[in-house]
Each structure stands twice: as C-alpha cells, then as structure tokens.
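K.L.:
Protein chains in written order, with the working numbering: chain D, 11 to 516; chain G, 48 to 370.
Note that CB positions come from ideal geometry on N, CA and C, so glycine has one too.
Since the structure is predicted, the reported quantities are computational estimates derived from the model, not experimental observations.
After the structure tokens below, expect a handful of questions from me.
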C-alpha cells in the first residue's frame with residue numbers, strides 16, 4: 011500500500027514507441043507521474059518531448075505501448091477524451107481566442123455551451139473571477155484576451171485548466187516569456203496546484219528554475235528515457251551531461267575584450283509611443299552590453315527605437331560619433347545597425363521562404379548585378395553560413411519552416427551578419443533553444459565581438475547576460491536604472507535593481 | 048539531381064499542368080474538332096487579356112492583398128482608349144496614356160490599402176463601384192462607336208494584329224515571371240505576403256511594395272483594356288464585367304496562396320488556360336454551356352482543396368523532420 015496519498019501514480023506510460031517514416035521519435039518509453047508532483051521533462055530540441063506530450067494528450071497515437079490513467083488502460087485516446095480525464099496542456103504560445111474576453115475563454119475551456127441553450131453570463135463571470143483569484147491573479151474577467159500580456163494570458167490558461175478540474179497539467183516552457191517577477195508568481199501558482207494534488211509535467215530549458223520548482227526530473231535523449239532522478243539529488247552539470255550525452259562546459263566563452271571606440275551613443279533618447287524615457291546608452295566596438303530587466307521594462311522597446319521601428323521623438327543617436335536620424339528600419343540597416351527580433355518564428359525569418367532567400371533578404375543590394383541580383387553568389391553566401399553555423403537542412407531551397415528552432419535562429423543570425431553590421435542588437439537570441447545550439451550561439455556572439463562588432467544583448471536569462479556581457483545595463487520602466495561592470499554584477503544585485511530595490515545593492 | 052530539385056520546387060505547377068494535359072486529351076478524344084485553328088485562335092485572343100490581368104493579380108495576391116476593382120478599371124481604360132482614338136491621338140501617345148490611366152487607378156488602391164490600413168477587399172470593392180459609376184456618369188451610358196480604322200489592330204491588319212496581341216500577352220507573362228525570380232522587388236512581394244512585420248524587420252518597406260503591386264496591376268489592366276479595344280470598332284460600356292473573378296480564379300487555381308507569400312505566374316498561366324479552355328471545350332463535347340460556370344466553380348474548389356491537402360501533407364512531413 012502507498013504510505014502517502016501523494017505518491018499514487020496518476021499517469022503511467024508503458025513501453026511507448028512511435029516512429030515517423032521509420033525514424034523513431036520515441037522508443038520503449040516508460041514514464042510515471044505521481045499525484046501532486048512536479049515532474050520536469052528535459053532534453054534537447056528533438057529529443058522527443060513534444061511527441062511524448064502529444065501521446066499523453068491523445069494528439070498522437072503511439073505505434074505500440076499503453077497509456078494508463080488512474081490505473082485504467084486508456085483505449086481510444088483522443089484530445090477530447092484527455093479533457094474528460096482531466097489532462098490539460100499549456101503551450102508556449104497561449105492557445106486562447108484573442109478576440110474574446112477572459113470569461114468566454116475560461117468558460118469555453120471548462121464546458122462546451124449547448125448550441126441552443128442560453129448562456130448564464132453572470133455565473134460564468136463569477137466563476138472566472140473566482141478561478142483567477144484562486145491562482146492569485148487580478149485580471150479583470152471582462153478584459154479582452156488580446157489586450158493582456160503574454161504572462162497574463164498564461165495565467166488565464168492556468169485558470170481554465172484549474173476550472174476544468176485538471177488532474178494532470180502539462181506546462182511547455184511556461185516561463186519562456188516571463189520575467190523574474192511573473193516567474194515567481196507562477197511558482198506560487200504551481201505550489202498551490204500541487205497542494206490540491208494536481209500532477210504537473212514541467213518542460214523547460216532553464217535548468218536553474220527546475221531546481222526551484224521540480225520534484226523529479228526525467229531526461230530524454232534521442233527518443234529514449236535516459237534517467238529519472240530526484241531533482242534534489244542531481245546537479246545542473248550532471249543534467250546537462252545526461253541531456254547531451256557529452257560533457258558540455260557550462261562556462262561562457264572566455265573573451266579578452268579589446269574594446270574600441272564608441273559605436274553607439276544615445277543621449278536622452280525618448281519615444282512616447284513605446285515608453286522609452288531619457289536613455290543614455292553607450293556601446294563600444296568589440297563590446298557586449300547586456301540589457302537586463304523584467305518583461306515590459308522597455309528593453310525591446312529601446313531596441314525598436316534604435317532600429318527605427320518606433321522612432322525617437324526626443325534625444326539623439328550617434329553612430330561612430332556622427333548624429334544620425336533613424337526614421338525606419340531601412341535607414342538603420344543602411345547605417346549598419348542590425349536587429350535580431352525577439353519573436354523568432356514570426357519575425358526573425360520569413361517562414362515560407364527558402365534558406366538562401368532568407369539569408370540575403372536584408373542585404374540584397376549587395377548582390378546587385380545590373381538590374382538583377384546574382385543568384386549564384388546568393389547560393390554561395392547561404393551555403394557558407396549553412397556550413398559555418400552547421401545549420402541542419404536537407405537543401406538550401408528548403409523553406410525555413412522545415413527547420414528546428416535553433417536552426418531557424420541561426421538563419422536569422424546569418425541574415426544580419428551578412429549585412430556586416432557595426433552594431434548588432436540581439437533580442438532574446440537563445441529563447442526556447444536547446445542547450446547545444448545555445449552554446450553555439452554564445453560562441454558565435456563572442457566571436458563577433460572579437461571581430462569588433464558592437465553588441466547589445468537583451469536577455470531574460472540572467473546567467474546568460476552576466477556570462478556574456480562586458481557591462482550589464484538594467485532597465486526599469488523604460489529607463490536605465492543602473493549599469494554594472496562585468497566584475498561587479500551579480501544575479502542578486504541585477505535582479506534587485508530590475509525589481510526596483512536599489513537600496514539593497516551596495 | 049538538378050532536375051529533381053526543379054520538380055520539387057514546382058510541384059503545384061506540375062500537377063496543374065498534368066491536369067490540363069488530361070483535359071486536352073479528353074477533349075481530343077471526344078471532340079477533336081476543338082483543335083481547329085480558328086477555335087484555338089479565338090481561345091488565345093480571348094484569354095490574352097485575362098492572362099495579362101491575372102499576372103498582375105498574382106502580384107497583388109502574393110503580397111497578401113486582393114484587387115476586385117480590376118473589372119471596372121478595365122472598363123474605364125477601354126472607354127478612355129476609344130475616346131482618345133476617336134479624338135485622333137497618335138498611337139504611341141494613346142498607348143502610354145491608357146496604361147498611365149490604369150496605373151493611376153491602381154495607385155489609388157495601392158495608397159488606400161497599405162497607407163490607410165483599409166482591408167483591400169473593402170477598399171477595392173468601393174473602388175469597383177466608384178470607377179464603374181464614374182464611367183456611367185461620364186459616358187451617360189453611351190458606347191463609343193465608329194472608332195477610326197487605323198486604331199483597329201493599331202493599323203497592322205487583323206492577322207498581324209492578332210499575333211501582336213498574343214505576343215504581348217506572352218511577353219508580359221515572361222517578363223513578370225523573370226522579374227519575380229530575378230529582381231529584388233520580386234523577392235519582396237513574397238516576403239511581404241508571407242509576413243509583413245517580418246519583412247519590415249528586414250528593412251523592407253511593405254507599404255511601398257504593396258503600392259507597387261497595385262500600380263503594376265493597374266498598368267497591366269490598362270494594357271489589357273487597350274488590347275481589347277483595338278479588336279472591335281465599338282467600345283461597350285459594360286466592358287470588363289466579371290473580369291476580376293476570372294483573374295482571381297485563375298490565380299487561385301494556379302496554386303497561389305490567397306493569403307499571400309506563395310505562388311508563381313507559371314501556375315497562373317496554366318490556371319488561365321485551364322479555365323479558358325473548359326468553357327468552349329464543353330460546347331464542343333456537346334455539354335450544355337449552362338454548365339460552364341458550375342464546372343469552373345468546381346475546378347476552383349478542387350484547386351483549393353488540393354492546395355490545402357498538399358499543405359497538410361508537407362506540414363506532416365515537416366513535423367516528422369522537426370521531431
């Protein structure tokens with residue numbers, strides 16, 4: 011018999027295998043999930059995490075093996091059946107109806123309204139408000155979902171899952187778009203869900219947060235389970251080793267920065283449209299300046315203003331000592347500024363376009379040959395980057411949609427390197443990317459700085475900012491709150507400043 | 048390897064061409080008289096204008112927009128051609144003038160849609176009515192009659208004139224196909240249609256790219272109207288009625304995504320041929336021509352369904368790759 015109520019197995023996968031076109035995505039996977047535990051699922055991109063999740067939610071039927079829920083074998087599994095069992099999943103991108111209100115979204119997730127039955131809006135609204143309160147959120151149930159921020163939308167999804175009496179909750183990279191403060195709030199929500207006996211499968215690339223949130227961790231590699239361990243009994247280095255199957259240095263590339271003259275200098279830069287206020291920022295050739303801060307602190311907005319997407323209405327920007335007027339991305343690119351945007355899938359690359367066209371998109375002028383452009387040279391350039399960054403693709407003309415996240419990011423980066431920028435602004439360049447590709451991108455950033463590129467690195471991943479940057483600039487409410495030197499910056503201090511507790515920092 | 052690459056890249060165009068060949072074989076079996084020279088000549092002439100307009104429409108749809116005012120633009124341009132010819136304008140000046148009028152009307156759509164952010168289907172629906180009613184008001188519903196002899200076929204005589212019309216249509220097609228592949232603007236059409244924000248972040252001014260698409264579309268409509276006007280001695284007031292539907296149908300059947308970002312004019316060419324052949328072919332096979340529209344509709348639906356199926360198939364393959 012079970013000693014604890016909490017150690018009952020709620021979900022068990024036995025010997026699950028699934029292959030696509032003869033390629034095994036999962037092979038003989040055994041997995042068990044206990045009531046009230048947070049079970050982390052880690053592995054590089056392509057390790058089979060999403061296939062495993064889809065098997066649990068019934069979106070995929072395995073080739074062999076069984077899914078057991080509450081000691082009952084589930085036959086004819088489907089997403090609808092998963093819902094009746096109480097299995098809910100929250101994905102990186104919230105799957106909500108943006109044009110509908112919070113109440114509608116929560117109600118639709120809990121029960122399907124009958125086609126000809128009148129909806130009791132008062133009761134629905136009350137229930138939505140109650141659920142939101144329960145998870146500690148103060149979102150107005152009447153607000154439209156598209157007006158909410160990403161973390162708020164995630165909370166709506168959690169409220170919906172709680173309302174649907176979920177017993178198994180799958181969270182796929184829930185903190186990818188959250189800043190520290192919201193992450194802390196999420197942890198509280200997870201804690202209270204745990205107390206109610208909800209079992210949580212937690213997928214994340216951020217190993218440091220697993221130490222905080224997870225009870226057990228299962229490592230997947232190449233479609234097979236490598237090991238399941240107690241989180242408290244495994245170190246970060248060991249986890250990484252289990253994931254990649256090789257020793258991978260946690261250390262960021264050591265650089266001897268030879269910092270040159272000032273490339274970018276802003277004075278009193280402000281933009282009313284996006285809330286950037288009175289920013290004085292200086293970036294030198296060969297220097298990496300990290301921009302830290304909470305989501306909404308104005309880091310992306312500052313980048314967008316410098317890149318001419320939301321041009322400044324006050325203050326000045328100097329490039330190589332000359333005052334410039336940046337009114338559009340076009341002018342920014344011509345001046346030698348490159349911006350790798352945050353939302354890689356939507357904005358970093360043109361998904362339907364082939365790799366070669368994506369790589370040259372921002373530098374077509376340079377391929378000009380008479381009135382046309384040189385297509386042979388285009389292919390050569392793309393081939394160079396594919397080789398240099400080890401981009402995994404069947405062909406140069408493959409649309410970028412066919413690539414994995416890390417490889418898409420490498421294509422996006424190639425596009426900007428091909429413009430030979432003086433100043434490169436990277437906005438969350440490693441978000442949602444697996445450990446191996448992350449290290450490659452870090453090495454690449456270091457290499458670029460060594461070649462004399464001035465780099466602004468925006469990242470919510472504190473170890474990344476601290477490990478990569480020569481200086482760390484912390485933003486808060488659209489302004490610069492404080493600048494740290496590499497030697498004096500610590501995670502605690504940076505976070506304290508980002509949260510507005512200046513006095514805590516010496 | 049190289050040939051296989053080519054086939055892979057143009058799967059849609061190939062499967063469409065294949066269905067067109069099947070159609071031709073069927074017609075050859077059941078109504079060989081369809082392939083009489085006179086009939087083929089009529090077919091080519093009637094569809095030359097449609098092809099030119101559909102090529103322009105391909106550009107507009109590639110950028111993720113649509114222009115349903117082309118039928119009315121066509122009417123205005125045809126009428127203007129007739130009027131100018133009657134007033135004795137020299138041929139060269141007249142050609143430039145009509146194309147300019149078309150481009151100007153295209154520019155109106157091209158400014159309204161991206162600059163003011165009006166959805167193109169609404170903006171061009173309004174323009175469709177406005178252009179057509181302006182024409183009705185200006186012409187008081189009268190047809191232009193008694194066009195000068197030297198205007199017909201540009202004074203080249205019917206045989207050379209016909210060859211010229213078809214040659215121009217093919218020339219326009221080839222030019223656009225080449226430009227889409229080899230000019231920067233061609234690349235930009237695809238990028239903007241695929242995701243205009245992503246294009247903006249790559250430094251592409253999506254508004255001016257869209258303006259260009261509408262402008263070229265208008266100019267090509269002007270050209271098509273001109274080539275139509277020189278065929279007859281009168282210009283009717285209802286010219287170009289339903290032309291927008293023909294053009295859009297050909298583009299969609301040709302495999303261009305209605306949401307933008309994907310497609311080729313080669314597909315559009317086959318689309319025009321397929322839809323243009325089916326009607327007359329029915330008559331030859333002996334099926335009641337009343338069925339023509341219904342069958343065209345069925346073809347459009349079949350094209351869209353197969354497009355969706357193909358996309359799904361490749362998404363599934365993608366999923367396999369990603370996992």
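#1: Closest to residue 101 of chain D by C-alpha separation, out of D/449, D/62, D/369, D/167, would be which residue?
#2: With a 10 Å radius around its C-beta and 16 neighbouring C-beta atoms as the bar for buried, classify residue 148 of chain D as buried or exposed.
#3: Please report how far the alpha carbon of residue 34 of chain D lies from the alpha carbon of residue 170 of chain G, in whole angstroms.
#4: Of the residues that make up the stretch 198-215 of chain G, which ones have a beta carbon closer than 7 angstroms to any beta carbon in chain D?
#5: Evaluate contact between the stretch 115-123 of chain G and the stretch 258-275 of chain G, counting only Cβ atoms and requiring at least three cross-stretch pairs below 8 angstroms.
#6: Return the residues of the stretch 237-268 of chain G that lie within a Cβ-Cβ distance of less than 8 angstroms from chain D, sorted by chain order.
#7: For residue 105 of chain G and residue 314 of chain G, what's the separation of their Cα atoms in angstroms?
#8: According to DSSP, is residue 86 of chain G part of a helix, a strand, or is it coil?
#9: What does DSSP give as the partner residues of residue 272 of chain D in its beta bridges?
#10: Please report the straight-line C-alpha distance between residue 328 of chain G and residue 341 of chain G, rounded to a whole angstrom.
#11: Considering only the beta carbon of each residue, do residue 124 of chain G and residue 220 of chain G sit closer than 8 angstroms?
#12: Tell me the DSSP bridge mates of residue 485 of chain D?
#13: Alpha carbon to alpha carbon, what distance is there between residue 98 of chain D and residue 212 of chain D?
#14: With a Cβ-Cβ cutoff of 8 angstroms, do residue 97 of chain G and residue 323 of chain G count as a contact?
#15: Rounding to the nearest angstrom, what Cα-Cα distance links residue 190 of chain D and residue 504 of chain D in this structure?
#16: Could I get the ranges of all uninterrupted alpha helix (DSSP H) runs contained in the stretch 85-137 of chain G, with 4 residues as the minimum, in chain order?
#17: Between the C-alpha atoms of residue 86 of chain D and residue 93 of chain G, what's the straight-line distance to the nearest angstrom?
#18: With a Cβ-Cβ cutoff of 8 angstroms, do residue 199 of chain G and residue 280 of chain G count as a contact?
#19: Which chain D residues are close to residue 234 of chain G, counting only those with a beta carbon under 9 angstroms from its beta carbon?
#20: For residue 437 of chain D, name the three-state secondary structure that DSSP assigns.
#21: Residue 316 of chain D by DSSP, collapsed to three states: which one?
#22: Of all the alpha helix (DSSP H) runs that stay within the bounds of the stretch 85-127 of chain D, which reach a length of 4 or more residues?
#23: Would you say residue 231 of chain G reaches chain D, if we count a Cβ-Cβ gap shorter than 8 angstroms as a contact?
#24: How many angstroms separate the CA atom of residue 24 of chain D from the CA atom of residue 471 of chain D?
#25: Tell me whether residue 25 of chain D sits in a helix, a strand or coil according to DSSP, three-state version.
#26: Figure out for me which residue from D/348, D/306, D/383, D/443 has the closest Cα to the Cα of residue 162 of chain D.
#27: What span of residues does the alpha helix (DSSP H) with residue 328 of chain G cover, start to end?
#28: What would DSSP say about residue 303 of chain G, mapped onto helix, strand or coil?
#29: Go ahead and pull the three-state DSSP assignment for residue 257 of chain D.
#30: Could you spell out where the alpha helix (DSSP H) holding residue 269 of chain G opens and where it closes?
#31: Among G/181, G/334, G/258, which residue has its Cα nearest to the Cα of residue 108 of chain G?
#32: If you draw a straight line from the alpha carbon of residue 420 of chain D to that of residue 357 of chain D, how long is it in whole angstroms?
#33: Apart from the five residues just before and just after residue 188 of chain D, which ones in its own chain have a Cβ nearer than 7 angstroms to its Cβ?
#34: Which value, in whole angstroms, describes the spacing of the CA atoms of residue 50 of chain D and residue 63 of chain G?
#35: Taking the alpha-carbon positions, what's the residue 462 of chain D to residue 112 of chain G distance?
#36: With a threshold of 8 angstroms between beta-carbons, can residue 395 of chain D be considered close to chain G, or not?
P.N.:
The short version:
#1: D/167
#2: exposed
#3: 51 angstroms
#4: none
#5: yes
#6: 237, 238, 241, 242, 244, 245, 246, 247, 248, 249, 250, 251, 252
#7: 9 angstroms
#8: helix
#9: D/294
#10: 14 angstroms
#11: no
#12: D/490
#13: 12 angstroms
#14: yes
#15: 11 angstroms
#16: 117-133
#17: 57 angstroms
#18: yes
#19: 363, 367, 370, 371, 374, 383
#20: strand
#21: helix
#22: 89-95, 112-120
#23: yes
#24: 36 angstroms
#25: strand
#26: D/306
#27: 312-332
#28: coil
#29: Reliability of the predicted coordinates at residue 257 of chain D is poor, the pLDDT of 46 falling under 50, and the value obtained from them is presented with this limitation in mind. Residue 257 of chain D: coil per DSSP, three-state reduction.
#30: 253-276
#31: G/258
#32: 14 angstroms
#33: 161, 196, 305
#34: 49 angstroms
#35: 43 angstroms
#36: no
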